[in-house]
Amino acid sequence: MIGFDSNLLMNYYQAKLGSIGGSSSSSSGSSLTQKYAPTAPWSTQATPIDSSALLKTALQGGRIIDESAATLDLSGASSDYKKLFALYQGLGTLTALAEKMNTKNLTSFDTNRIVTAFTKGMAELSGYVDNAKFDDVRLGLAEVADTARAKVGISRGKSEYITAPLVSGTASSAVPAFEGDVKFNISIKQINTSIDIAIDLSDMGAQTRTLPNVINHINSKLEAAGVTTRFAQQRIPGEERTFTSAGRTIKLQPAPDQWAMKIKTDITEQVTFTAAATAPAIYLTQKVGDPDPDGKADTNDGVQTNQLLKFQAETGAVGAAPQPSGEAHWVEGRVFANPLEGKIETVRATQAGTDGSVYVLADVTGDISGQSIKGERDVALLKYDSAGKLIYTRVLGASEDAKGLALAVSADGQVAVAGSVTGQLNGAADGPLNSGDSPALAELSDSFVTVFNDKGEEVWSARRGSRQEDEATHVAFGANGEVYVSGRSKSSMPGATALGGTDSYIQGFGLNAKGEPVSLFTQSFGTAFDDKPAGLVVDGDALVTASMENGRAVVRRFDISSGAPVQVAQRDLGELQGGTITGLALDNGNLVIAGSTRNAALNAGTVTRAHAGGMDAFAAQISADLTANPADAVAYYGGAGDDKAAGLAVSGGQVWLTGQAGAEDLPGQVPKGEADGFLARLDVAAGDVVWSQRFTGKDGFATPGSITIADQGASVLDRLGLPSGQLTFKDSSNLTAVSGLRAGDEFNISANGGRPKTVTIAVDETLESLMLKIRRATGFQVKVDTAITDGVRRLQIKPLNERSVIELTPGKEGQDALGVLGLAEGVIRATKVEDGKTVSADGKGDFYGLGLHSQLNLDTPEQVRHAISELTQAQGVIRKIYTALRDAATPQSVLAQQKAAAAIGQAPAYMTAQIANYQAALDRLTGGG
21 MIGFDSNLLM NYYQAKLGSI GGSSSSSSGS SLTQKYAPTA PWSTQATPID SSALLKTALQ
81 GGRIIDESAA TLDLSGASSD YKKLFALYQG LGTLTALAEK MNTKNLTSFD TNRIVTAFTK
141 GMAELSGYVD NAKFDDVRLG LAEVADTARA KVGISRGKSE YITAPLVSGT ASSAVPAFEG
201 DVKFNISIKQ INTSIDIAID LSDMGAQTRT LPNVINHINS KLEAAGVTTR FAQQRIPGEE
261 RTFTSAGRTI KLQPAPDQWA MKIKTDITEQ VTFTAAATAP AIYLTQKVGD PDPDGKADTN
321 DGVQTNQLLK FQAETGAVGA APQPSGEAHW VEGRVFANPL EGKIETVRAT QAGTDGSVYV
381 LADVTGDISG QSIKGERDVA LLKYDSAGKL IYTRVLGASE DAKGLALAVS ADGQVAVAGS
441 VTGQLNGAAD GPLNSGDSPA LAELSDSFVT VFNDKGEEVW SARRGSRQED EATHVAFGAN
501 GEVYVSGRSK SSMPGATALG GTDSYIQGFG LNAKGEPVSL FTQSFGTAFD DKPAGLVVDG
561 DALVTASMEN GRAVVRRFDI SSGAPVQVAQ RDLGELQGGT ITGLALDNGN LVIAGSTRNA
621 ALNAGTVTRA HAGGMDAFAA QISADLTANP ADAVAYYGGA GDDKAAGLAV SGGQVWLTGQ
681 AGAEDLPGQV PKGEADGFLA RLDVAAGDVV WSQRFTGKDG FATPGSITIA DQGASVLDRL
741 GLPSGQLTFK DSSNLTAVSG LRAGDEFNIS ANGGRPKTVT IAVDETLESL MLKIRRATGF
801 QVKVDTAITD GVRRLQIKPL NERSVIELTP GKEGQDALGV LGLAEGVIRA TKVEDGKTVS
861 ADGKGDFYGL GLHSQLNLDT PEQVRHAISE LTQAQGVIRK IYTALRDAAT PQSVLAQQKA
921 AAAIGQAPAY MTAQIANYQA ALDRLTGGG
């Protein structure tokens, strides 16, 4: 063997020092190798941690933090190191527990053990951090900052409206949307008067209808009327474009600029747009994109987008809207196809409002419109104007999981949403048998219904379920403000009798003298098998339901004039043969039922349009009293393949269906992509297809869902990108309306080490009322104001002075308001800059935050990944604190030498020690030769 002389390598590094070495090399070398801090457990020189033993101890219920097990190899070292090393080990154990959750084929027993140990360990860690007394630093479990600023806020109220793009390239180009007969009215309401201004582009004569020319024409009319509102042009820069070739991304020329109109007004004027000629507008939602590009069910690689589409089928009174520039997959009659922003999982329903707006009900799995959700999934209500611009978003605020399954809009603008909820729903009126009231059944869903006023502010919520799972699937308003729901339950609902299997039920709600929701009645209906409600309408003093019962389509009529429902009629439409009912509507005294079936002879009257084969969509029109009538009829729609209805909309005698087209041709429509959608108007009595379109989307996939009709929703305003009705700029000032906060949500705040005080959210909470609550909770020892960013006023919390230390902690599980507000859990303290370094302004030890949240858990794979990430970052904070303590204990001259040595390559102390160890090992192997 060959001996290894470590002096050769040491001499090499010392020679690199030049003048720093020289005659003083001995003293310099000793100062560089002297220890000023104990060896850290993550150091290569430390004895490796037996993580498996620590994991075993934790799973057996043992402690994860043990100061006595943390050894210091430097006499006289600060006890802070022992605490830091114990914390580091505890964080490592928690990380190991979280990583254990990724083990394949874990049994439920093993999973419960890991989760229990993790929960216990997090509580131990939190308690240790709260109670540990450090000499030279301060430590918090969560974040440390000098300011806490909420993400949720109140819009200051915009005064500008920007249309969709009208022309590409240059603004001086003629605009196709301005061609033809373009007439509309602008109504300006001022404090004491209203002014109507008629706009007719034919008044421009032979002048080219470019964007600047049309804007000048409109502004001349506005100026002559003496109003301040004006139009302007808005440039929308062209998007960057790239393509990839041979693994390289190549940048192309940007897309052409686009130009839109901008309406500018102020708070003294309300602007309303109307058109003399209107036509029905059909709104539908769809999901586009290939759901499984690689063909593997377990990869979840599909990237899909939800869209809101608007169609205009009638072009007699209102000219057809031209194809928007550059819009993909356009078909004749389509006005727009706008993406729905946010983490929308599923769109459940769409309803037209009386003010020309459109409501969309969706399930969301993350942030939407800047609003966060508390749990895994929540319900969002989105309101759009007739031009497809978002007016507001409302999030239900469920603590764990909620689905919005039904939507209704009343004549006075109230909106009802119904569905299912798991976990807490603060502020809701609870029924006597809710699953959530029993810990053993807490994971089962309950039915809920929520009513909003015409401003989108919650009026009331009711949660009324059974012991087992149940959900409200349909909702409707009564003539006097009552709210009726239908749904299904796996056990008896309060006041109802179980029939067997999954039962359908109907329920009525009214308000007591205090304005609180009360149940008027509950009644189950169906068979002893698994039944499913499929529709609900109110017809005077009667409720009419559609349901699927043992595979058959059944319609029932209940008289509710006495206060309690009495079934007075029932009609069985026949076996659906694997199909389903997708809609029930009341129109001109008749019921319309839609769905899909393989049955070519449904018991719904005369077949006016024959079944074409496979699965076909159908629309049946029957008497509302459910008696057989010669006028009853059923019309099928489809081709030779499987065509399925997804939604039904009926208005003014028009019956519209949307759904999924099969691979074969539809009547008059050929396939366009891999999976196409369809929209068709049927004349059921005559058996005619009055109008139809087949369309596809991104990657050749389009899956339509919900549909609604606005009787006067289409007009020349669509071509201009202008909304019908009043421009809406101001949103609610209630924080419970513009976020997922609910009355009863809470957080805790303390000042300067005092006891934490709870701040509870009220149903009408505003920024001003919340700021006052925070000041009072801290004894006015905090500075609370608002900061304006992007036109939104947001809550801002700062220390009152350089000695103030504020701590924010979350509220009870399921009621925490911090996360919804977007305020970080942790410490807020004042800082200053000394020698280029930010330090605490009070002159005490520096404050560090581990960046951990007290509600860290392993409930889902996403939460497991999140926990591992946070715990790993927290260990990085411990290392950062160690470095700061070590450097503080090291003389400045030595730090300067170390910096210089590092710059020119001197062997650091740990390498010197390693080389010595290598030499000693070689000496033992070679006998010192």
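Count along the sequence shown starting at 1, add 20, and that's the number in my numbering. Ideal Cβ placement from N, Cα and C applies to all residues, glycine included.
Which listed residue (the options) has its alpha carbon closest to that of residue i
| i | options | result |
| --- | --- | --- |
| residue 338 | 138, 202, 665, 193 | 202 |
| residue 61 | 85, 91, 86 | 91 |
| residue 314 | 810, 724, 842, 719 | 719 |
| residue 520 | 830, 645, 551, 804 | 551 |
| residue 241 | 217, 228, 234 | 217 |
| residue 734 | 301, 267, 346, 499 | 301 |
| residue 560 | 502, 692, 546 | 502 |
| residue 739 | 343, 112, 574 | 343 |
| residue 390 | 912, 437, 721, 413 | 413 |
| residue 523 | 312, 366, 511 | 511 |
| residue 289 | 365, 191, 209, 333 | 209 |
| residue 273 | 280, 868, 261, 703 | 261 |
| residue 194 | 282, 311, 345, 441 | 345 |
Three-state class that DSSP yields for residue i in the structure shown
| i | result |
| --- | --- |
| residue 837 | coil |
| residue 337 | coil |
| residue 460 | helix |
| residue 961 | The displayed coordinates of the chain run from 21 to 949. Any statement about residue 961 would go beyond what the structure contains. |
| residue 56 | coil |
| residue 601 | strand |
| residue 579 | strand |
| residue 453 | coil |
| residue 31 | Unreliable placement is indicated for residue 31, whose pLDDT of 46 sits below 50; the coordinate value is still reported in the next sentence. Reduced to three states, the DSSP call for residue 31 is helix. |
| residue 791 | helix |
| residue 411 | strand |
| residue 46 | Note that residue 46 scores 48 on pLDDT, short of 50, meaning its location in the model is unreliable and no value can be drawn from it. |
| residue 953 | This structure cannot speak to residue 953, because the chain is shown only from 21 to 949. |
| residue 259 | coil |
| residue 749 | coil |
Residue i and residue j closer than 8 angstroms at C-beta
| i | j | result |
| --- | --- | --- |
| residue 371 | residue 428 | yes |
| residue 493 | residue 514 | no |
| residue 855 | residue 822 | no |
| residue 66 | residue 77 | no |
| residue 476 | residue 275 | no |
| residue 20 | residue 536 | Past the edges of the chain, shown from 21 to 949, lies residue 20, and the structure says nothing about it. |
| residue 408 | residue 328 | yes |
| residue 295 | residue 744 | yes |
| residue 355 | residue 870 | no |
| residue 715 | residue 695 | no |
Beta-carbon proximity list for residue i, same chain, < 6 angstroms, skipping 5 on both sides
| i | result |
| --- | --- |
| residue 307 | 324, 326, 723 |
| residue 748 | 411 |
| residue 842 | 170, 171, 172 |
| residue 403 | 377, 379, 411, 412 |
| residue 684 | 659, 660, 661 |
| residue 442 | 420, 421, 465 |
Neighbourhood of residue i by C-beta distance below 8 angstroms, restricted to the same chain and skipping five residues each side
| i | result |
| --- | --- |
| residue 781 | 755, 756, 761, 762, 763, 764, 765, 766, 790, 837 |
| residue 875 | 830, 833, 836 |
| residue 191 | 230, 231, 232, 253, 255, 279 |
Own chain partners of residue i with C-beta closer than 7 angstroms, once the 5 adjacent residues on each side are dropped
| i | result |
| --- | --- |
| residue 55 | 94 |
Cutoff 8 angstroms: residue i Cβ touching any chain B Cβ
| i | result |
| --- | --- |
| residue 675 | Note that chain B does not occur in the displayed structure, where there is just one protein chain. |
Exercise. Count the C-beta pairs between the region 220-231 and the region 191-210 that are closer than 8 angstroms, then say yes if the count reaches three, no if not.
Key: Inter-segment contact for the region 220-231 and the region 191-210 is present: three or more beta-carbon pairs are separated by less than 8 angstroms.
Exercise. Determine contact between the region 128-146 and the region 91-100, defined as no fewer than three beta-carbon pairs at a distance below 8 angstroms.
Key: no
Exercise. Evaluate contact between the region 579-587 and the region 609-621, counting only Cβ atoms and requiring at least three cross-stretch pairs below 8 angstroms.
Key: no
Quiz item: Touch check for the region 158-173 and the region 813-828: three-plus C-beta pairs under 8 angstroms?
Solution: yes
Quiz item: Using 8 angstroms as the Cβ pair cut-off and three pairs as the minimum, do the region 446-455 and the region 465-472 touch?
Solution: Yes, since at least three Cβ pairs between the region 446-455 and the region 465-472 fall closer than 8 angstroms, the two stretches touch.
Quiz prompt | Cβ contact check for the region 267-274 and the region 233-253: 3 or more pairs under 8 angstroms | solution = no
Quiz item: Does the pairing of the region 749-763 with the region 772-779 give three or more beta-carbon distances under 8 angstroms?
Solution: With the cut-off at 8 angstroms, the region 749-763 and the region 772-779 do not touch.
Practice problem: Assess, as a yes-or-no matter, whether the region 875-886 is touched by the region 899-907 under the definition of 3 or more beta carbon pairs within less than 8 angstroms. | Solution: no
Quiz item: Touching or not, the region 663-677 and the region 642-652, by the rule of three or more beta carbon pairs under 8 angstroms?
Solution: no
Self-check item: Segment contact flag, the region 80-89 with the region 104-112, C-beta cutoff 8 angstroms, min 3 pairs
Solution: yes
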